[in-house]
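In our numbering, the protein residues as written are 62 to 300.
See structure below.
See below:
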């Protein structure tokens, strides 16, 4: 790659700050991004979940191609242009090639790790457009990923979809799965809180109380106040 950041040659040409070459010459082994999930039902909450865009020069061509496509569409993801992120933009070119959208990346490279990451981003883009049924389909594609970040994000995304349909017990279960797969105390506490609140809505006081108490006794103090408020709503004694 001649320059780390490509020059914008004309109004239809988009530069990519850190693009992966097909020949594996890029110096970056992995590219980390935030996946923002719009959580509906308990109020609009934006949660950042780290996902890794995998790249390894020993991977097959499909993995490399998916990585290139995903790095290019990040310009739309990061700007919040969900339509173009999902569908791509044939008018925007990088090295003479149109930027394809997340839908195309998932369709063509769904069996790759980068394809799984793209599926989570696609689900998020659809959540922003309140297309919950379609979003659920994409989040489901990441459940079997080898990446913890992808599986955590996928379960959280599915929880949002279920919550949008007032399926509170199902949403709570998905949030619990997301919490159980994370090794970050703040993420664990966050999703346990969402699970507890959904169990509360489902009138499952036993599970709700259990989770609120786990949050209070957990490693992160970030959501302790909310957990205590939850116990108060349930009429429980706060020890």
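Virtual Cβ for every residue (Gly too), placed ideally from N, Cα, C.
Cutoff 6 Å; reference residue i; Cβ partners in own chain excluding five residues on either side
i	result
residue 289	299
residue 292	273, 299
residue 202	180
residue 193	222, 225
residue 200	184, 215, 218, 219
residue 206	177, 212
residue 228	none
CB of residue i within 8 Å of CB of residue j, strictly
i	j	result
residue 218	residue 250	no
residue 256	residue 233	yes
residue 164	residue 189	no
residue 208	residue 246	no
residue 131	residue 166	yes
residue 265	residue 241	no
residue 277	residue 254	no
residue 134	residue 157	no
Residue from the options with nearest C-alpha to residue i
i	options	result
residue 243	203, 211, 162	211
residue 187	266, 144, 283	144
residue 174	259, 223, 129, 140	129
residue 259	236, 171, 195, 276	236
residue 263	284, 226, 276	226
residue 138	158, 155, 181, 126	181
residue 171	126, 222, 267	126
residue 177	198, 191, 193	198
residue 122	155, 191, 169, 136	169
residue 195	283, 261, 147	147
Same chain only: Cβ atoms within 7 Å of residue i, ignoring 5 sequence neighbours per side
i	result
residue 270	292, 295, 297
residue 239	213, 216, 217, 220, 252
residue 124	173, 174, 175
residue 223	231, 232, 235
residue 284	250, 251, 254, 276
residue 141	none
task = At 3 residues or longer, and completely inside the region 186-258: list those beta strand (DSSP E) runs for me, N to C.
result = none
query = Fully enclosed by the region 122-164, which beta strand (DSSP E) runs are 3 residues long or longer?
reply = 149-155, 158-161
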